[in-house]
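Numbers in our numbering are just positions in the sequence shown, counted from 1, shifted up by 338. Cβ coordinates follow ideal geometry from the N, Cα and C atoms, glycine included. As structure tokens, the structure follows; a few thoughts come after it.
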Amino acid sequence: MSIFGRISMGALAATTVAFGAFGVAAAQTPAAPEAPAAPAASDRVTNPVAEFAGIDKITGRIITFDVYIDETVQFGALQVTPRVCYSRPQDDQPKTDSFVEVDEITLDRKIRRIFTGWMFAESPGLNAVEHAVYDVWLKGCKQKSDVPAPDSAKADTGKPKANPDTAEPDTTKTN
339 MSIFGRISMG
349 ALAATTVAFG
359 AFGVAAAQTP
369 AAPEAPAAPA
379 ASDRVTNPVA
389 EFAGIDKITG
399 RIITFDVYID
409 ETVQFGALQV
419 TPRVCYSRPQ
429 DDQPKTDSFV
439 EVDEITLDRK
449 IRRIFTGWMF
459 AESPGLNAVE
469 HAVYDVWLKG
479 CKQKSDVPAP
489 DSAKADTGKP
499 KANPDTAEPD
509 TTKTN
């Protein structure tokens, strides 16, 4: 706060004390009208897909791409991973935000986190990722995508495990 701000606040306090001492009532400012209640968290819609746009500054090409929540898509040297993507119902004011992690693959093939935070579709310049070669920003959230959904069983690619109730006893052991 500047020195002028301090003087003004001090003068205001002195004036209030002076009028209070003489029994003069200071003018009351009318109470501000109550702001409408903030929408409940249940009003937001959780979406399974985040839609991003990215620009390659070398070629000038702008690409739009969909990413499923907790999946990673590579755009140039960047890896984009949305963790959540919220939007509002169709009849409500549009507000779309997503918590995103962006990693850069460096020239020596190391992965370095360059962004972790919220992106807002209505304000793409507020929290867009600005890289030397690539920029990435949130365009929106979706319930469906033309991109095939990731396999939920991709982690279990080994041999099927035997059920202990149906496994045959090992008769090759000798005592």
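Whole angstroms is fine: what's the gap from D430's alpha carbon to C479's?
To locate residue 430, count along the sequence shown from 1; it is residue 92. To locate residue 479, count along the sequence shown from 1; it is residue 141. The alpha-carbon atoms of D430 and C479 are separated by roughly 15 Å.
Rounded to a whole number of angstroms, what is the C-alpha to C-alpha distance between D489 and E409?
Here residue 489 refers to the residue found at position 151 when the sequence shown is read from its first residue. Here residue 409 refers to the residue found at position 71 when the sequence shown is read from its first residue. Rounded to the nearest angstrom, the two C-alpha atoms are 11 Å apart.
Starting from Q417, trace the beta strand (DSSP E) both ways and give me its first and last residue.
Taking the sequence shown and counting its residues from 1, the one referred to as residue 417 is at position 79. For Q417, the uninterrupted beta strand (DSSP E) segment begins and ends at L416 to S425.
Three-way DSSP call (helix, strand, coil) for D446 in this model:
Looking up residue 446 in the sequence shown gives position 108. Coil, per DSSP.
Rounded to the nearest angstrom, what separates F458 and T402 at their Cα positions?
Along the sequence shown, one-based indexing puts residue 458 at 120. Along the sequence shown, one-based indexing puts residue 402 at 64. Separation of F458 and T402 (C-alpha to C-alpha, rounded to the nearest whole angstrom) is 16 Å.
Have a look at D404, Q412, G398 and V418 and flag the residue whose alpha-carbon is nearest the alpha-carbon of W456.
Counting from 1 along the sequence shown, the entry for residue 456 is found at position 118. Checking every option, the nearest Cα to that of W456 belongs to V418.
In angstroms, rounded to a whole number, what distance separates the CA positions of T444 and W475?
Within the sequence shown, the letter at position 106 stands for residue 444. Within the sequence shown, the letter at position 137 stands for residue 475. For T444 and W475, the distance between alpha carbons rounds to 20 Å.
Straight-line CA distance for R382 to S461?
Sequence index remark: in the sequence shown, residue 382 carries index 44 (1-based). Sequence index remark: in the sequence shown, residue 461 carries index 123 (1-based). Computed Cα separation, rounded: 18 Å.
Span of the beta strand (DSSP E) around R399:
The count along the sequence shown starts at 1 and reaches residue 399 at position 61. Segment R399 to Y406, the beta strand (DSSP E) holding R399.
Who are the near neighbours of G487 in its chain, counting only those whose CB is closer than 7 Å to its CB and skipping five residues on each side?
As a working note, residue 487 is residue 149 in the sequence shown. The sequence given here has Ala at residue 487, not Gly. Cβ neighbours of A487 beyond the five flanking positions: Y406.
Quick check: what's the CA-CA separation for Y424 versus D404?
The residue given as residue 424 occupies position 86 in the sequence shown. The residue given as residue 404 occupies position 66 in the sequence shown. Each residue's CA atom was taken as its position, placing Y424 and D404 some 15 Å apart.
Return helix, strand or coil for D381, following the three-state DSSP convention.
Stepping through the sequence shown from its first residue, residue 381 is reached at position 43. Residue state, collapsed to three classes: helix.
Taking the straight line between their C-alpha atoms, what separation do you get for I393 and R399?
To locate residue 393, count along the sequence shown from 1; it is residue 55. To locate residue 399, count along the sequence shown from 1; it is residue 61. Straight-line Cα distance between these residues: approximately 6 Å.
I need the straight-line Cα distance from V411 to D473, nearest angstrom please.
In the sequence shown, the residue the question calls residue 411 occupies position 73. In the sequence shown, the residue the question calls residue 473 occupies position 135. Between V411 and D473, the C-alpha separation is close to 14 Å.
For I452 and A470, I'd like the C-alpha separation in whole angstroms.
To locate residue 452, count along the sequence shown from 1; it is residue 114. To locate residue 470, count along the sequence shown from 1; it is residue 132. Cα to Cα, I452 sits roughly 12 Å from A470.
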